[in-house]
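Numbering follows numbering that gives the first Met the number 0, with no gaps: position 198 of the sequence shown is 197. For every residue, glycine included, the Cβ atom is placed at its ideal position computed from N, Cα and C. Everything numeric in this text was worked out from a predicted model, so none of it was measured. Remarks on the structure that follows.
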Amino acid sequence: MKTTHGGTYPVSAKSDRGAYQSKDTVPVPEPNYRRVMQMSVKKIIALCVIMMVLWGTPVYADQVHRVSPGETLNGIARFYGITTDSLLGSNQYIVNPDLIFPGQVLIVPDTGKHAYVVRPGDTLSQIAQSFGVPTAMLANINNISNPDFLYVGQILLVPNMYIVREGDTLPQIAQSLGVSISDLMTENNLRGPQSIYPGQTLSIPSRPTGREELAALDGEMGPIAARFPETFFYKGQPNGLRVALTFDDGPDRVETNAVLDILKQYQVPATFFLLGRSMPGNSDVVERIVAEGHTLASHTTNHFDIRELTEQELRTEMLTLENEVYDITGLRMALMRPPYGFINDANIRQLRDMGYKVVKWSVDTNDWRDIDVDQVLINTMPNIRDGSIILMHDYLPESMTKEVLPEIIQSLRSQGYTFVTVDELLGIDAYR
Ligand SMILES: [Zn+2]
């Protein structure tokens with residue numbers, strides 16, 4: 000079974016070839032047994048998938064800290080029981096660690112706990128033993144008053160430590176924790192695989208940082224950008240701390256106007272990737288976007304996966320919206336963003352020949368998925384760099400985009416960042 004997870008970037012295939020393959024359409028054989036049986040098989044499969052995904056995978060509950068007057072990075076790090084380096088690691092947008100400002104947002108990384116999904120036949124003491132922690136501690140962390148009452152599929156949080164038992168070996172421990180031996184050794188300053196002793200407390204290495212997420216993004220998008228240096232973009236070059244806010248899927252009478260109000264208040268220019276489907280009745284919103292100094296760009300007419308379209312269909316998807324926007328504003332858009340980020344080389348060539356440049360993103364706020372302001376900040380801030388293109392949305396009713404936006408703007412401004420439109424960030428023309 001193929002699952003796409005990690006979710007940050009819709010095209011998350013390991014190779015470009017993979018990224019460009021269409022969806023799996025493997026026919027499912029019709030099972031012969033009774034319906035009841037099918038249900039339980041489905042359930043078991045679903046459970047296995049959950050367990051495969053979560054087993055040994057750390058889940059981290061990062062937190063947002065809003066700086067108060069007089070606070071220092073060191074003080075904040077101490078308060079949360081983490082090192083200053085680890086705090087800085089999650090906030091690499093910070094240019095000068097000595098200068099943090101009241102109201103600025105910091106992401107506090109959780110070096111905390113792992114998740115364990117309860118399997119058939121598990122007992123609490125057995126689970127505790129396998130992770131090398133006292134049963135009482137496990138019960139306490141998970142608010143379990145009756146240790147006999149565990150259910151299959153229940154998710155338990157396990158502390159980020161392992162107490163070495165008699166007879167343990169490092170490879171065994173690494174395997175049971177789902178981490179590499181070398182990470183475990185580095186994390187605990189171990190000289191060799193033999194240098195562990197019963198009763199020793201090992202700390203479990205933490206998850207990839209923003210740095211590694213961005214490296215994965217470069218690994219995925221870099222080759223495409225290298226094949227189409229004039230046509231395909233997902234971030235800008237570092238150049239004096241500039242970032243670009245982008246909003247997809249509007250215009251929306253309520254949401255786009257609310258976003259425009261905030262951008263106006265903070266004097267921040269942005270880029271709006273318009274969706275043809277959202278246009279009816281909103282031409283005044285489009286006019287306002289232009290009048291207030293923002294850039295218009297295309298997000299196609301119907302939000303299809305364009306890899307599935309014929310050349311003629313993609314042409315229609317682009318031209319319908321392009322002409323509509325031209326009729327309203329007199330501007331002919333030259334930038335486009337593919338829906339879901341899905342695109343292949345043939346699409347890029349066709350769009351290039353039509354006079355378009357493709358602009359994806361390097362920071363996904365996931366503001367459409369997460370409705371919690373803090374969670375959106377946690378998704379966003381650790382990945383911000385000089386040249387970031389930040390993906391947001393302006394079409395969802397009741398979205399928290401309007402609440403999170405001022406904090407993102409103020410935090411980055413306090414560190415000296417400037418907001419620009421994507422065409423300015425990339426040094427390309429927004430219109431033809
Ligand atoms: Zn979209």
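Simplified DSSP state of Lys234, which is helix, strand or coil | coil
Check whether the segment 245-256 touches the segment 266-282, taking contact to mean three or more Cβ pairs, one atom from each stretch, closer than 8 Å.
-> yes
From this set, Tyr325, Asp344, Gly131, which residue's C-alpha is nearest Ala225's C-alpha?
-> Asp344
Just the Cα atoms here: how many angstroms apart are Thr134 and Gln125?
-> 8 Å
Output the distance between the C-alpha atoms of Thr200 and Asn159, rounded to the nearest integer angstrom.
-> 10 Å
Measuring CA to CA, which of Asp121, Ser297, Gln236, Ser175 is closest to Glu323?
-> Ser297
How about Pro250: is its Cβ closer than 7 Å to a heavy atom in ligand 1?
-> no
Of the residues Trp360, Thr245, Thr400, which one's Cα is nearest the Cα of Glu219?
-> Trp360
Grouping DSSP H, G and I as helix and E and B as strand, with all else coil, what is Lys356?
-> strand
For Ser144, which of helix, strand or coil comes out of DSSP?
-> coil
Which of helix, strand or coil does DSSP assign to Tyr325?
-> helix
Unbroken beta strand (DSSP E) runs of length 3 or more, entirely within the segment 98-131: which are they?
-> 104-107, 112-116
What's the gap between the Cα of Arg431 and the Cα of Val116?
-> 55 Å
Give a yes or no on contact between the segment 288-302 and the segment 334-351, applying the rule of three or more CB pairs nearer than 8 Å.
-> yes
Is the CB-CB distance between Gly198 and Val163 below 8 Å?
-> yes
Which residues in the same chain as Asn301 place their Cβ atom closer than 7 Å to its Cβ, once the five residues preceding and following it in sequence are excluded?
-> Gly275, Arg276, Glu316
Measuring from the CB of Asp363, is there a heavy atom of ligand 1 at a distance below 7 Å?
-> no
Does the Cβ of Asp228 lie closer than 7 Å to at least one heavy atom of ligand 1?
-> The question names Asp, but residue 228 in the sequence shown is Pro. It does not: the Cβ of Pro228 is nowhere closer than 7 Å to a heavy atom of ligand 1.
According to DSSP, is Ile75 helix, strand or coil?
-> helix
So the alpha helix (DSSP H) Tyr394 belongs to, where does it begin and stop?
-> Counting along the chain, Tyr394 falls outside any alpha helix (DSSP H), and DSSP gives it neither H nor E.
Beta-carbon contacts of Tyr416 that lie in its chain and below 6 Å, excluding the five residues immediately before and after = Leu240, Val242
Return the CA-CA distance between Tyr394 and Asp97, expressed in angstroms with no decimal places.
-> 38 Å
8 Å contact criterion, which Val372 and Ile389 should meet: CB distance rounded | At roughly 15 Å, the Cβ-Cβ gap does not stay under 8 Å, so Val372 and Ile389 are not in contact.
Assigned secondary structure, Cys47 (DSSP; H/G/I helix, E/B strand, else coil) | Model confidence at Cys47 stands at a pLDDT of 49, short of 50, so the residue's coordinates are unreliable and nothing is read from them.
Using the C-alpha atoms, what's the distance from Phe227 back to Lys263?
-> 35 Å
Grab the span of the alpha helix (DSSP H) containing Asp182 for me, first residue to last.
-> 180-186
By how many angstroms is the C-alpha of Ser129 removed from the C-alpha of Tyr196?
-> 16 Å
Comparing the CB of His302 with every heavy atom of ligand 1, is any distance shorter than 7 Å?
-> yes
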